[in-house]
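For what it's worth, the UniProt record's numbering labels the leading residue of the sequence shown as 1, then goes sequentially. Quick reminder that beta carbons are idealized off the backbone N, C-alpha and C, glycines included. Only one structure is covered here, and it is reproduced in the block below.
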Amino acid sequence: MDHLIDHDRIAAAPRPRRSLAWTPARIGVYAFLILAALFFLLPLYVMLVTSVKPMEEIRLGTLFALPHNLTLEPWRQAWSSACTGLECDGIRGGFWNSVAIVVPSTVLSIAIGAVNGYALSFWRPRGAGVLFAVLMMGAFIPAQVMIYPLVRMLAAASLFSSLPGIIIIHTIFGMPVMTLLFRNYYAALPLELFKAARIDGGGFWRIFLQLMLPMSTPVIVVAAIMQVTGIWNDFLLGLVFAGSEHLPMTVQLNNIINTTTGERLYNVNMAATILTSIVPLALYFISGRWFVRGIASGAVKG
């Protein structure tokens, strides 16, 4: 019947394409994005190509040129034989020191922050508002202000310049932000879930471990990424509190770059820099999607 409309044909018909006109606004956006990408990628490119060049090519001053004789010897030296002061064992010792610092510090700060956020969101003990305000003050006080008192306190407890001491320091500094993160996440959950668990006879720890914690995967991922990258990239606290036997990788990198015996080996310095930053870079590449998903699910609402 001619008077009837063929809906299937209309649905199958291709939609007209939107014209991608190169307006001044579109050109400006693309120009800004390209410049921003170059701003962040150009230093990484220079570090990579310099780290695989022999010193003979680096002396020619061809900073952006690709290597003619590619070599991984600078990476081997940076990892196992570069001098960090009086010792020439490379940066590998700092890597394992950083791992020993990051793992327990991240686990402890997230665990304490999760319990604090859960208690402040649902149980609301007496003085919860004052306690939360004090914790937030700790998040905004510069670390330099608290270094000397913390040095005296750890020295009195015989924990200064020790691995447990630097772990305690990172846990203390991470607790305010972690508390804020988990409190805002739990505050966005339906209160009826908590009330139903209370009616069923659930106590503080049972509700937290069996109900709240399994629902906290998005915020735990966000918190882990924040803590791992923040603690791994830390220099000041590691330099002051870790002691000479537990210096993290960032401090060892500074020692490699500032230790000069004869010619400065720029290729070794660049390789050591990339080795130091490879863990945060890998973390962002692997779990960046989880980080965005955690933010979108309410991990940082408030």
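For the region 140-208, the continuous alpha helix (DSSP H) assignments of 4+ residues that do not extend past its boundaries occur at 143-156, 163-187, 191-199, 204-207, in sequence order.
Non-local beta-carbon contacts of residue 135 in its own chain, meaning distances under 6 Å to residues more than five positions away in sequence, involve 176, 179 in chain order. Measuring C-alpha to C-alpha distances from residue 113 to each of 182, 195, 27, 143 identifies 182 as the nearest. Residue pairing by DSSP places residue 87 opposite 84 in a beta bridge. Apart from sequence neighbours up to five positions away, the residues of its chain that approach residue 100 with a beta-carbon distance below 8 Å are 163, 246, ordered along the chain. Looking at the backbone, the Cα of residue 141 and that of residue 159 are separated by about 23 Å. By the CB criterion at 8 Å, residue 270 and residue 80 fall outside the cutoff. Going by DSSP, residue 210 is part of no alpha helix (DSSP H) at all; its letter is neither H nor E. The DSSP-derived three-state label of residue 235 is coil. Cβ-Cβ separation between residue 174 and residue 241: approximately 14 Å, too far for a contact (criterion under 8 Å). Assigned with DSSP and collapsed to three states, residue 122 falls in helix.
Here residue 93 is not near residue 248, since their CB atoms are 8 Å or more apart. Residue 250 sits buried, since 16 or more C-beta atoms from the chains shown fall within 10 Å of its C-beta.
Residue 77 and residue 25 have their C-alpha atoms some 49 Å from each other. Shown here, residue 62 sits in coil according to DSSP, grouped into three states, outside any helix or strand. Assignment of residue 242 by DSSP, reduced to helix, strand and coil, places it in the coil class. Judged by DSSP in its simplified three-state form, residue 57 adopts helix. Going by beta carbons, residue 109 and residue 227 fall inside the 8 Å limit.
With a cutoff of 8 Å on beta-carbon distance, residue 189 and residue 215 are scored as near each other. In the three-state DSSP reduction, residue 22 falls in the coil class, being neither helix nor strand. Going by C-alpha positions, residue 73 is about 8 Å away from residue 54.
Its Cα nearest to that of residue 104, the residue 231 stands out among 276, 239, 265, 231. For residue 253, the enclosing alpha helix (DSSP H) begins and ends at 249-258. Taking C-beta atoms as the reference points, residue 253 and residue 58 fail to come closer than 8 Å.
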